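Report on one structure; see the data block that follows.
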Amino acid sequence: MEDIFRITNYYDHPSDENYIVVHYLKEEQSKLFKSYLEEEKISFEDFVDTDGANPIYLFAIHRRHRRKIEHLNFLTLGKTRSPFVPNKTFRWFLILLFFLIIILSLIGYYSKVG
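Mapping to the working numbering: the sequence shown position 82 is 98, numbers consecutive.
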């Protein structure tokens, strides 16, 4: 049941509370995270779970590195994420539309108040 409500991709190891487990669903992310761990000389164990339809890349890292792990995890996710709106033209259209709506609402507010 706890797995359903998991928001982050890292959690306490189910059988050893001294370790934190970080998981990725993409091989690109796991390779980048592994390179970050090696650069920082943080010891870890990695495992690829191939039981399901898609592989899950797991890392077990000692709890004393928690802050560093979180930082490296956020770097990994940030470097490998896709843009929220992938089409550049549509993205700029949405930004301009947003600012137009704000400007019109401010004009409407100040015309009623003043």
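From the three backbone atoms N, C-alpha and C, an ideal C-beta is built for every residue, glycine too.
Quantities reported herein were computed from a predicted structural model and do not represent experimental measurements.
What alpha helix (DSSP H) runs, 4 residues minimum, are completely inside the segment 39-127? 43-55, 82-96
What is the residue span of the beta strand (DSSP E) that residue 28 lies within? 26-28
Measuring straight from C-alpha to C-alpha, what distance separates residue 84 and residue 122? 44 Å
Going by DSSP, what residues sit across from residue 37 in a beta bridge? 27, 76
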